[in-house]
Amino acid sequence: MLNARTLKPVAEIAVGKDPRGLAVTPDGRWLLTANQGSADVSVVDTGARKEIKRIAVGRNVEFMRISPDGRQAFVTYEPSSEGGPPGKSDQAKKDDKDDAPAEVAIIDLSQWAVVGRIKAARETEAIEFSPDGKQLLVANEGDNTVGVYDLSTLKQMQSVDVAPFGNRPRGIKIAPDGKTYVVTLENSNNLLLLDAGFKPIRAVPTGQGPYGVAFDREGRYLWVAASRADQLQVFDARTFAPVAAIPVGKRCWHFSFTPDAQKLLLACGRSNSVQVIDPQKREVVDTLPGYKLPWGVVTYPTSVGSLDAPR
Numbered sequence: 001m002l003n004a005r006t007l008k009p010v011a012e013i014a015v016g017k018d019p020r021g022l023a024v025t026p027d028g029r030w031l032l033t034a035n036q037g038s039a040d041v042s043v044v045d046t047g048a049r050k051e052i053k054r055i056a057v058g059r060n061v062e063f064m065r066i067s068p069d070g071r072q073a074f075v076t077y078e079p080s081s082e083g084g085p086p087g088k089s090d091q092a093k094k095d096d097k098d099d100a101p102a103e104v105a106i107i108d109l110s111q112w113a114v115v116g117r118i119k120a121a122r123e124t125e126a127i128e129f130s131p132d133g134k135q136l137l138v139a140n141e142g143d144n145t146v147g148v149y150d151l152s153t154l155k156q157m158q159s160v161d162v163a164p165f166g167n168r169p170r171g172i173k174i175a176p177d178g179k180t181y182v183v184t185l186e187n188s189n190n191l192l193l194l195d196a197g198f199k200p201i202r203a204v205p206t207g208q209g210p211y212g213v214a215f216d217r218e219g220r221y222l223w224v225a226a227s228r229a230d231q232l233q234v235f236d237a238r239t240f241a242p243v244a245a246i247p248v249g250k251r252c253w254h255f256s257f258t259p260d261a262q263k264l265l266l267a268c269g270r271s272n273s274v275q276v277i278d279p280q281k282r283e284v285v286d287t288l289p290g291y292k293l294p295w296g297v298v299t300y301p302t303s304v305g306s307l308d309a310p311r
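Counting along the sequence shown from 1, when you hit position 24 you're at 24 in full-length UniProt numbering, and nothing is skipped either side.
#1: In this structure, does DSSP put A92 in helix, strand or coil?
#2: Distance, Cα to Cα, K50 vs R5?
#3: Flag this pair as touching only if the segment 151-164 and the segment 125-142 have three or more C-beta atom pairs under 8 angstroms; answer yes or no.
#4: Counting Cβ pairs, one atom from each stretch, are 3 or more of them under 8 angstroms apart for the segment 192-203 and the segment 157-176?
#5: From the DSSP secondary-structure annotation, give me the bridge partner or partners of D108.
#6: Only counting the same chain, and skipping five residues up and downstream in sequence, which positions put a Cβ closer than 7 angstroms to that of A229?
#7: Determine, using beta carbons only, whether A214 and S256 come nearer to each other than 9 angstroms.
#8: Among the candidates R220, P79, R122, whose CA atom is the shortest distance from the CA of T239?
#9: Are there 16 or more other CB atoms within 10 angstroms of the CB of M1, so buried, or fewer, so exposed?
#10: I'd like to confirm the pairing. Which residues does DSSP put opposite M157 in its beta bridges?
#11: Alpha carbon to alpha carbon, how far is A237 from V162? Give it in angstroms, no decimals.
#12: Mind reading off the beta-carbon distance from residue 386 to P294? Whole number of angstroms is fine, and I expect it under 8 angstroms.
#13: Which same chain residues end up closer than 7 angstroms to K292 when comparing Cβ atoms and leaving out the 5 residues on each side of it in sequence?
#14: Please indicate yes or no: does the CB of A102 lie closer than 8 angstroms to some heavy atom of the ligand MG?
#15: Give the straight-line distance between the Cα atoms of L265 and V10, rounded to the nearest whole angstrom.
#16: For A226, report the span of its beta strand (DSSP E) as first-last.
#17: Is the CB-CB distance between N144 and G166 below 9 angstroms?
#18: Can you give me the start and stop residues for the beta strand (DSSP E) that F129 sits inside?
#19: Cα separation between V24 and T180?
#20: Could you check if I66 is buried or exposed, using at least 16 other CB atoms within 10 Å of its CB as the buried criterion?
#21: Output the distance between the C-alpha atoms of D95 and R202, rounded to the nearest integer angstrom.
#22: Check the DSSP bridge columns for Q135 and list the partner residues they point to.
#23: Comparing C-alpha positions only, which one of Y300, A121, K134, Q72 sits nearest to E78?
#24: Return the Cβ separation of E125 and E62 in integer angstroms, given the expectation that the two are a contact with Cβ distance under 8 angstroms.
#25: Measure the C-alpha to C-alpha separation of V182 and I246 and round it to an integer number of angstroms.
#26: So who's on the other strand from P169, going by DSSP bridges?
#27: Taking the alpha carbon of I172 as the reference point, which residue from L194, N189, P164, A113 has its own alpha carbon closest?
#28: Given a cut-off of 9 angstroms, decide if I106 and A73 are closer than it, judged by their beta-carbon atoms.
#29: Name the DSSP bridge partner or partners of L191?
#30: Kindly indicate which three-state DSSP category S42 falls into: helix, strand or coil?
Here's what the structure looks like:
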């Protein structure tokens, strides 16, 4: 845990094994972490700075978002998965143990309990909400789809095939105006634009291995973590033309702007560090070392980033 103004460490909190996805409740009282290695979600009291509860979810929990109304957390997990990427060769696909559908667990934040589960497709990754909070979008990297679900029934409404445009959808984010969704396609090095009705518009080239994605607060620029290119890329959010490619550390997956929007924090997993970016100068201004395989960053007050957005 860092001070959002000084970026100095203020606490180190023990949670479950191999935490990945994380989220903060709207009031800032609770931090939740999705623990891939222990198949659960940790609930952390941010005031006391300690874990107070574990919620069993299922194998290979990965990504987590809190609903726009702040009442529920949605957690992707893969009950049959070994936790690795999907196989590429015919034999690897035949031997792959990830054929069973992944799921999204729904945690009631007043009960601290799983109250529902959504059957998804193969290997769920990022999730996003529609502007009215009535639909949930899930990126399914194992079968190259984006699933759209009705949250009143927990039933699938639509499955968007991204294969004609690329391979392995991982990140997904809605534009601030609610008119466009951006899906990063990691293995084809591009991103896909969907309209408000979930119809594909066009693909846009990126650097290698795009994953985390977010618009800035004003919706002027789109930021993309091209993890295999060791770059944080910036695109014009109107034309999607490239604006900048910032050299960063290795395998930087997720990021968040600070609450005052003056800095951007980027978790660089294979560099074991968090890099600090000046969004105006578009350059690295500091590196915070000593973090083993950091995966993501969220803030309170909530800021825009690849794992969260202001409600």
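Glycine included, each C-beta is placed from N, C-alpha and C at the ideal position.
Judging by the given coordinates:
#1: The residue you call residue 92 lines up with position 92 of the sequence shown. Interpretation of A92 is limited by its pLDDT of 45, a score under 50 that renders its predicted location unreliable; the figure taken from the coordinates is listed afterwards. It is helical.
#2: Reading the sequence shown from its first residue, position 50 is the one you call residue 50. Reading the sequence shown from its first residue, position 5 is the one you call residue 5. Cα to Cα, K50 sits roughly 22 angstroms from R5.
#3: yes
#4: yes
#5: The sequence position of residue 108 within the sequence shown is 108, counting from 1. For D108, which the question treats as bridged, DSSP gives the partners Q72, A113.
#6: Looking up residue 229 in the sequence shown gives position 229. So the list reads G207, Q208, G209, once near-sequence residues are dropped.
#7: In the sequence shown, counting from the first residue as 1, residue 214 sits at position 214. In the sequence shown, counting from the first residue as 1, residue 256 sits at position 256. Cβ atoms of A214 and S256: closer than 9 angstroms.
#8: Here residue 239 refers to the residue found at position 239 when the sequence shown is read from its first residue. Looking at the Cα atoms, R220 is the closest of the given residues.
#9: Along the sequence shown, one-based indexing puts residue 1 at 1. Flag for M1 reads exposed.
#10: Here residue 157 refers to the residue found at position 157 of the sequence shown. Note: M157 sits in no beta bridge, so no partner.
#11: Start at 1 with the first residue of the sequence shown, and residue 162 comes out as number 162. Start at 1 with the first residue of the sequence shown, and residue 237 comes out as number 237. Answer to the nearest angstrom: the Cα atoms are 21 angstroms apart.
#12: Outside the shown range of the chain, which is 1 to 311, sits residue 386, and nothing can be said about it.
#13: Residue numbering aside, residue 292 sits at position 292 when the sequence shown is read from its first letter. Excluding residues within five positions, the ones whose Cβ falls inside 7 angstroms are N272.
#14: No copy of the ligand MG occurs in the structure displayed, which carries no ligand at all.
#15: As a first step, residue 265 is located in the sequence shown; it is residue number 265 there, counting from the start. As a first step, residue 10 is located in the sequence shown; it is residue number 10 there, counting from the start. Looking at the two C-alpha atoms, the distance is approximately 16 angstroms.
#16: Against the sequence shown, residue 226 aligns to sequence position 226. First-last of the beta strand (DSSP E) with A226: 221-226.
#17: Working through the sequence shown from its first residue, we reach residue 144 at position 144. Working through the sequence shown from its first residue, we reach residue 166 at position 166. Yes, they are a contact pair.
#18: For the purposes of this step, residue 129 is taken as residue 129 along the sequence shown, with counting starting at 1. First-last of the beta strand (DSSP E) with F129: 124-129.
#19: On the sequence shown, residue 24 is found 24 positions in, with the first residue counted as 1. On the sequence shown, residue 180 is found 180 positions in, with the first residue counted as 1. Between V24 and T180, the C-alpha separation is close to 25 angstroms.
#20: Looking up residue 66 in the sequence shown gives position 66. With 16 or more other Cβ atoms within 10 Å, it is buried.
#21: Mapped onto the sequence shown, residue 95 falls at position 95. Mapped onto the sequence shown, residue 202 falls at position 202. No answer about D95 holds up, because its pLDDT of 47 lies below 50 and its placement is not dependable.
#22: On the sequence shown, position 135 is the one that residue 135 refers to. Per DSSP, D150.
#23: For the purposes of this step, residue 78 is taken as residue 78 along the sequence shown, with counting starting at 1. The residue with the shortest Cα to Cα distance from E78 is A121.
#24: Mapped onto the sequence shown, residue 125 falls at position 125. Mapped onto the sequence shown, residue 62 falls at position 62. Indeed they touch by this definition, with Cβ atoms about 7 angstroms apart.
#25: Translated into positions along the sequence shown, residue 182 becomes position 182. Translated into positions along the sequence shown, residue 246 becomes position 246. Their backbone Cα atoms lie some 20 angstroms apart in a straight line.
#26: Working through the sequence shown from its first residue, we reach residue 169 at position 169. Bridge partners of P169: L185.
#27: As a first step, residue 172 is located in the sequence shown; it is residue number 172 there, counting from the start. Comparing Cα-Cα distances from I172 to each of L194, N189, P164, A113, the minimum goes to L194.
#28: By one-based count along the sequence shown, residue 73 stands at place 73. By one-based count along the sequence shown, residue 106 stands at place 106. Yes, these two residues count as a Cβ contact at 9 angstroms.
#29: Position 191 of the sequence shown holds residue 191. According to DSSP, L191 bridges with T184, V204.
#30: Stepping through the sequence shown from its first residue, residue 42 is reached at position 42. Strand at S42.
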